[in-house]
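Quick notes on the structure that follows.
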Amino acid sequence: MSQLLQTLKIGPRLGVAFAILILLLIALCGVGALSARSLAQDLDTTARVDIALVRAANALQERTHLVARSSRELLIVDSGGQIKRLKAAIEESLADGETQLAEVQKLAGQGDNARLIDDVKTQKAAFSSAVRKFLTVYDAGNPDDSRTALLIELRPVQQAYEKSVEALGLALKEQVEARAAAGGAAAQRSVWLMLVFGAVGLVLAVSAAWIISRSITVPLQHAMDAAERIKSGDLSRRIDSGARDEIGALLRAMGGMQQHLLGVIEDVQRCARDLAAHSDELAGGNTELSTRTERNAASLQQTASAVEQIAATVQGNSAKTREASQVATSARDAVVEGGRSVEQLVETMTRISGSSTRIKDIIAVIDGIAFQTNILALNAAVEAARAGEHGRGFAVVATEVRSLAGRASSAAREIKSLIDDSAERVADGTRTVAEVGERIGGIVKAVMDVRQLVEEVSHASHEQVTGMASINGSVGEVDQATQQNAALVEEIAATTESLKSNAERLVKAVAFFRLPGGAAA
Numbered sequence: 157m158s159q160l161l162q163t164l165k166i167g168p169r170l171g172v173a174f175a176i177l178i179l180l181l182i183a184l185c186g187v188g189a190l191s192a193r194s195l196a197q198d199l200d201t202t203a204r205v206d207i208a209l210v211r212a213a214n215a216l217q218e219r220t221h222l223v224a225r226s227s228r229e230l231l232i233v234d235s236g237g238q239i240k241r242l243k244a245a246i247e248e249s250l251a252d253g254e255t256q257l258a259e260v261q262k263l264a265g266q267g268d269n270a271r272l273i274d275d276v277k278t279q280k281a282a283f284s285s286a287v288r289k290f291l292t293v294y295d296a297g298n299p300d301d302s303r304t305a306l307l308i309e310l311r312p313v314q315q316a317y318e319k320s321v322e323a324l325g326l327a328l329k330e331q332v333e334a335r336a337a338a339g340g341a342a343a344q345r346s347v348w349l350m351l352v353f354g355a356v357g358l359v360l361a362v363s364a365a366w367i368i369s370r371s372i373t374v375p376l377q378h379a380m381d382a383a384e385r386i387k388s389g390d391l392s393r394r395i396d397s398g399a400r401d402e403i404g405a406l407l408r409a410m411g412g413m414q415q416h417l418l419g420v421i422e423d424v425q426r427c428a429r430d431l432a433a434h435s436d437e438l439a440g441g442n443t444e445l446s447t448r449t450e451r452n453a454a455s456l457q458q459t460a461s462a463v464e465q466i467a468a469t470v471q472g473n474s475a476k477t478r479e480a481s482q483v484a485t486s487a488r489d490a491v492v493e494g495g496r497s498v499e500q501l502v503e504t505m506t507r508i509s510g511s512s513t514r515i516k517d518i519i520a521v522i523d524g525i526a527f528q529t530n531i532l533a534l535n536a537a538v539e540a541a542r543a544g545e546h547g548r549g550f551a552v553v554a555t556e557v558r559s560l561a562g563r564a565s566s567a568a569r570e571i572k573s574l575i576d577d578s579a580e581r582v583a584d585g586t587r588t589v590a591e592v593g594e595r596i597g598g599i600v601k602a603v604m605d606v607r608q609l610v611e612e613v614s615h616a617s618h619e620q621v622t623g624m625a626s627i628n629g630s631v632g633e634v635d636q637a638t639q640q641n642a643a644l645v646e647e648i649a650a651t652t653e654s655l656k657s658n659a660e661r662l663v664k665a666v667a668f669f670r671l672p673g674g675a676a677a
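Going by this note's numbering, the sequence shown opens with residue 157, and the numbers climb by one from there.
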C-alpha cells in the first residue's frame, strides 16, 4: 500500500483519502436512507392497513352485537315505531357487516387470513339467515315462537359467528403486533447497521489518514535529515528516492545538488593542495633568488670599484702620454732622457696591457652575472605561470628582471669590444715603443715620427678614458638594475607568503566538508 501511494503525487493521494471518506459517507447515508425507507413503508402499512383492519374487525364485532341486541329488544318493545327502528338497525347492521367483512377480505385476504375470513363469511351467512328467519317468525306475531327462534336457533349461530369474528380479530391483532415488532427490529437493525458502517468508516478513515500522513511525513523527515547533513558539511551519504511524488522529486533534486557540490568541493580540494604545494616551491625559489641577487649586487659593487681603479689608471696613462709628447719635443736635446722616457713608456704599456686583461676578466664576470640573472628571471616566470592568477604580478616582475639582465649582458659585450680594441691599440703602442728602443740611435732623425706616434698614443689613451667612462656608466646601470631586482625579489617574496597563507586558509576552509569514504575535504 505504501509503495502504491509513493507512485502518486500528494494532491491525488489526498484526493484518494477524501474520496474514501466521501464513499463511506455515501454508503452510510445510503444505509440510513434504505433503513428509513423500509421503516417508513412499515409505518405506512401499519397506518394504512393494520389500523384499517383493526377498525373493520371491531366494526364487524360491533355490528354483530348490535344485531343481537336489536333482536332481543324486539321481544320487549311493543311500539310500532320502535319495532320499525330496530328492524331497520338490524338490516343496516347486517349490510354494514357485509361491507366491513369485504373490507377485511380486501386488506388481509391472503394466507391464514383467507381461511379465517371464509369461516367468518360462512358464519356470517348462517347468522344472517338465522336473523332473517327470526324476523320472519317475529313478523308472524307469535311471541313464544319468536323467543324460541331467538334462543334456540339464533343464539347458537350468533355465538358461532362471534367466535369466528373474535378469532379473526385476534389473528389480525397478532399480525399487527408482529408487523410492529418487525418494524422495531428493522429500526434496531438499521441503527446497528449504521453504527457498524460508521465504525468501519472510522477505522478506514483513521487508517487512510495514518498511511497517507506517514507516506508524506516520512519522506519529509528524510529530506530534513539530508538537509541537516549537508548543512553540517556531511556529503558522504548518497540521497536518493524511488517515490514519484513531489517529495521524491525534492529528494532527487537534493541528491543532484549534493553530487554537484561534491564535485565542486573535490575540485577545490585538489586545487587548494596544488596551490599550497606550488606556493611552497615558489617561496623556496624566491628565497634562493633573493640570495643570488644579493651576491650579484656585492659582485657588481666590487666590479664598479675595479672599473673606477681602471679609469684612474687610464687617466694616468693619458697624462703620461702627454708627458711623452713633451719628452719627444725635447728628445733632440736629451736622448738619454728620451731613452728613459721610452723605458717608462714600455712599462706603462705593459701595465695597460695587464689592466686590459683584468678588465676582460671583470667583464666576463659581469656577463656571467647577467646570464645567471636571466636564467633566474626565466625560472621565476615559469613559476608565476604555474601559480596562475595569483602569479600574474610576479610574472611581470620576472619579465622586467629578465629585460634588465639582457641589458646588462649587452653592456658587458660592448665593454668587452672596447677593451679588445684598447688591447689591440696597446699592443700596437708596445710594438712601436719596441721599434723606438731598437732604433734609439736614430731618435734624433726620427723625432718627428716619434712625436706623431706619441700623439696617436695620446689619442688612443683619450679613447680609453672615454671607453672607461662608458664602462663605468654601464656598470652603474647594472648595479642600479641589480638593486631594483633585489627590491622586486623582496616584493615577490611577500606576495608569495601571502599566496601561501591564502592557500592554507583555503585548505582549512574545504576541510569542513566530509566526503565519501570517510575522508575530510
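The C-beta atom is built at its ideal place from N, Cα and C for all residues, glycine as well.
No experiment lies behind these values; they were computed from the predicted model shown.
Taking Cβ to Cβ, would you say residue i is nearer than 8 Å to residue j?
| i | j | result |
| --- | --- | --- |
| E556 | L644 | yes |
| S302 | F290 | yes |
| A543 | L438 | yes |
| K656 | S435 | yes |
| A567 | S509 | no |
| V313 | A305 | no |
| Q425 | I395 | no |
| I571 | I519 | yes |
| N530 | R569 | no |
| E653 | A432 | no |
| L231 | S249 | no |
| V678 | A468 | This structure does not reach residue 678, given that the chain is present from 157 up to 677, and the question cannot be answered. |
| V521 | S573 | no |
| Q217 | G325 | yes |
| R448 | Q500 | no |
| S320 | Q261 | no |
| A642 | E450 | yes |
| A327 | L263 | no |
| T586 | M505 | yes |
| L417 | L445 | no |
| G357 | L190 | no |
| A383 | L407 | no |
| I515 | I575 | yes |
| E493 | N628 | no |
| G404 | P375 | yes |
| D577 | Q457 | no |
| E330 | T220 | no |
| L242 | E229 | yes |
Residues in its own chain within less than 8 Å of residue i by CB, not counting five upstream and five downstream?
| i | result |
| --- | --- |
| A547 | In the sequence as presented, Ala is not what sits at residue 547; that position holds Gly. Same-chain partners within the cutoff: L438, E539, A540, A541, L655. |
| G412 | none |
| I176 | L360, A361, A364 |
Tell me which same chain residues have a C-beta within less than 7 Å of the C-beta of residue i, skipping the five on either side of it?
| i | result |
| --- | --- |
| S227 | I246, V287, F290, L306, L310 |
| A533 | A554, V557, R558, A561 |
| A526 | A561, A564, S565, A568 |
| Q608 | none |
| A551 | A537, A540, A541 |
| R393 | R385 |
| G549 | T651 |
Take residue i and list the residues in its own chain whose beta-carbon comes closer than 6 Å to its own, dropping the five residues that flank it on each side.
| i | result |
| --- | --- |
| N442 | I648, A649, T652 |
| S369 | none |
| A215 | Q256 |
| A579 | S512 |
Quick check: does the Cβ of residue i come within less than 7 Å of any heavy atom belonging to the ligand HEM?
| i | result |
| --- | --- |
| S346 | Absence of the ligand HEM is noted for the structure shown, with no ligands found whatsoever. |
Inter-stretch contact (C-beta, 8 Å, three-pair minimum) for the region 377–388 and the region 359–369:
Verdict: no, contact absent.
With a floor of 4 residues, list each alpha helix (DSSP H) that falls wholly inside the region 480–557, ordered by position along the chain.
Listed in chain order, the complete alpha helix (DSSP H) runs (minimum 4 residues) inside the region 480–557 are 491–543.
Within 8 Å, do at least three Cβ pairs link the region 343–356 to the region 250–260?
Verdict: no, contact absent.
I'd like the ranges of any alpha helix (DSSP H) spanning at least 4 consecutive residues and lying wholly in the region 227–310.
Within the region 227–310, the complete alpha helix (DSSP H) runs of at least 4 residues are 236–264, 268–295, 299–304.
Alpha helix (DSSP H) runs contained entirely in the region 352–419, provided each spans 4 or more residues
Taking only runs of at least 4 residues, no alpha helix (DSSP H) segment lies wholly in the region 352–419.
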